[in-house]
Amino acid sequence: RGVFKTIWRITQITFLGGVAYLAYTVYDLKNPPDQFEPDPSKKTLVVLGSGWGAISLLKKLDTENYNVIVVSPRNFFLFTPLLPSCTTGYIEHRSIMEPIRNILRHKKAAVKYYEAEATKIDYANKKVIIRDDSEVKSDRMETEVDFDMLVVGVGAENATFGIPGVRENSCFLKEVGDAQKIRKKIMDCVETAMFKGQSEEEVKRLLHMVVVGGGPTGVEFAGELQDFFQEDLLKWMPQIKDHFRVTLVEALPNVLPMFSKQLIDYTESSFKEEHIDIRTKTMVKNVTDTTIEAAITLPDGSKKTEIIPYGLLVWATGNAVRPIVKDLMGQIPAQKDERRGLKVNEYLVVKGTENVWAVGDCAIANYAPTAQVAAQEGAFLARLFNTMAKTDEIEKDLVDLSDRQATAKADERNEILNLITERQKQLRRIKQVGPFQYTHQGSLAYIGAEKAVADVSWFSGNIASGGTMTYLFWKSAYLSMCFSSKSLLVLCSPIY
Ligand code: FAD
Ligand code: NAI
């Protein structure tokens, strides 16, 4: 009995301790200490963007070392891996957003944030032109921000390859607004198909959901949509059973080219079971408000054109360079031959510049444009900038010490010499920041029907897995990252 009583006591204490710790964490997050204003004589570091790259940098940066200014039209960080789940309402969009003000409020020294779009980087004059895009004022305010150091983390825009009709007629899937638009369009298509007196052909068109692009965005969305149909729509409206169809269109011979052959085959067979139609070797050439025109490569190598009617069209064919990045590339001779984004060196410095760095999807560093890469690049830059600030401080100290040594009396000189040696040692240690090295932790994608595929790095090898266990791994990995203690606060915070 005594043993049980002790175990019971320990359990009680552990539980109470846990509750107290949680309460303290929530209190601490809601009431961060007062911030101080950084020293105006320090360098001004301007960060463009509030995505994976920029936020990872800001979270780890010692903001007391610089005057930090953040410019982004989006006043929150978006956890993109769970965005496809928002299109069907499986995940509430607010739970994957973290207000930038909340993130910056927790820094030691204050950081300025402007909700604005950077419209031009004037590299020669070290200025960024920014424009307030909010609709509360009829005349959009425009101003300039000076920088000593600039980090470009503006991501990429949706690639359309200039295909006629794409911008006007498709939904994209990059931002929260896109997910909301898709959700509304799905329901509009379904309800309109239910309207009295529709021809069968029109009902079929309205209930045909076409996804263009068989990369991870297209595959994950197609999977989520079919789940929504199976789990909800079919129960609410059994009448749509025979006509609701999801088609994934891909120009290449297979979907998910970045995954291993085994997982590509698994995904394709899983989609077949789930009645998601995969149309590979099918390149969309033209889009109207009700149809897509595609060039299909037949097994004998010949081509035929097909007109495919659709109700909802989601366009997920990858990334394109943003105009602001293109413009900056035009100002730097070393960037002239690059088309895909800002070429950076191993320290993420934009080639041809000394005081501009780039992270994430807008940077070309031979890695795939993923959140994983962007986050690691942001964290690397924070380390680099923290080190650079310490280096500057020590170098200033060394100049002071050398001056003092020159005028010091003989008995003081030895002491100063020791200090100089000590500072020089520190400097050498600090300066040993190696170049950026990306650690690939694997690729994960949800493919619908509570299945996921994963190519995960394991020691020096790779493990490829697909199925329900992988889905549980996917879910726990992303939910634990997303529902960090700060994100929990997001759930209870007001509108952004
Ligand atoms: P972003 O995160 O796109 O952020 C760019 C920021 O710049 C935004 O805040 C934007 O508002 C701001 N901005 C834009 N223009 C301007 C301007 N002119 N001035 C100032 N600011 C500007 N990757 C993975 O590794 N795993 C996944 O599971 C995964 N899932 C994804 C799912 C979807 C649906 C999508 C679309 C992408 C997914 N990705 C995933 C890719 C990942 O989201 C991107 O690689 C990542 O967001 C890139 O980070 P970034 O900081 O470069 O850009
Ligand atoms: P993507 O570039 O990976 O794939 C786009 C696909 O569209 C390509 O396979 C391409 O062949 C196809 N395509 C292009 N034009 C076409 C046309 N006219 N007709 C038919 N098909 C056409 O783009 P995606 O999926 O948007 O991903 C962008 C980046 O984000 C990638 O680096 C990806 O790895 C990352 N991402 C990662 C996720 C994950 O890890 N789970 C999820 C979503 C995105």
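In UniProt numbering, the protein residues as written are 81 to 576. Ideal placement from N, C-alpha and C gives every residue a C-beta, glycine not left out.
For a test of your reading of the model: does the CB of residue 444 fall under 7 Å from any non-hydrogen atom of the ligand NAI? Yes or no.
Checking the Cβ of residue 444 against the ligand NAI gives no.
Near residue 92, what residues of its chain come up, given a Cβ to Cβ distance below 6 Å and the 5 sequence neighbours on each side ignored?
none
Just to confirm my understanding: we take residue 503, look at its own chain, exclude 5 residues before and 5 after, and list those with CB closer than 8 Å. What are they?
474, 477, 478 and 481
Return yes when the C-beta of residue 241 is under 7 Å from any heavy atom of the ligand NAI, and no when it is not.
Distances from the CB of residue 241 to the heavy atoms of the ligand NAI include at least one below 7 Å.
Residue 478 beta carbon near the ligand FAD (any heavy atom closer than 7 Å):
no
Might you give, ordered along the chain, the residues of its own chain that have their beta carbon closer than 6 Å to the beta carbon of residue 273, omitting 5 neighbours on each side?
283, 286 and 287
Measuring only from the beta carbon, is residue 332 closer than 7 Å to any heavy atom that is part of the ligand NAI?
yes
Buried versus exposed call for residue 90 [16 or more other C-beta atoms within 10 Å across all chains shown]:
Exposed is the call here.
Continuous alpha helix (DSSP H) assignments of at least 4 residues falling wholly in the region 322 to 368
Counting only unbroken stretches of 4 or more residues, the alpha helix (DSSP H) elements lying wholly within the region 322 to 368 are 341 to 353, in sequence order.
I want to check one thing, is the minimum distance from the CB of residue 524 to the heavy atoms of the ligand NAI below 7 Å?
Residue 524: yes, Cβ under 7 Å from the ligand NAI.
Just verifying my parser: in three-state terms, what is the DSSP assignment at residue 217?
coil
Measure the alpha-carbon distance for residue 318 versus residue 527 and round it to whole angstroms.
Cα to Cα, residue 318 sits roughly 24 Å from residue 527.
Of the listed residues 258, 200 and 122, nearest to residue 408 (C-alpha basis)
200
Whose C-beta lies closer than 7 Å to the C-beta of residue 172 among residues of the same chain, with five residues either side of it excluded?
Around residue 172: no qualifying Cβ.
Under 7 Å: does the beta carbon of residue 155 sit that close to some heavy atom of the ligand NAI?
no
Grab the span of the alpha helix (DSSP H) containing residue 259 for me, first residue to last.
256 to 273
Can you tell me the Cα-Cα spacing of residue 262 and residue 428, whole angstroms?
36 Å
Pair every Cβ in the region 387 to 398 with every Cβ in the region 343 to 351, then say whether three or more of these pairs are closer than 8 Å.
no
Alpha carbon to alpha carbon, how far is residue 301 from residue 529? Give it in angstroms, no decimals.
12 Å
Return helix, strand or coil for residue 253, following the three-state DSSP convention.
coil
Residue range of the beta strand (DSSP E) that includes residue 202
Going by DSSP, residue 202 is part of the beta strand (DSSP E) stretching over 197 to 202.
Assign residue 96 to one of two classes, buried (16 or more other C-beta atoms within 10 Å of its C-beta) or exposed (fewer than that).
exposed
Go ahead and pull the three-state DSSP assignment for residue 298.
helix
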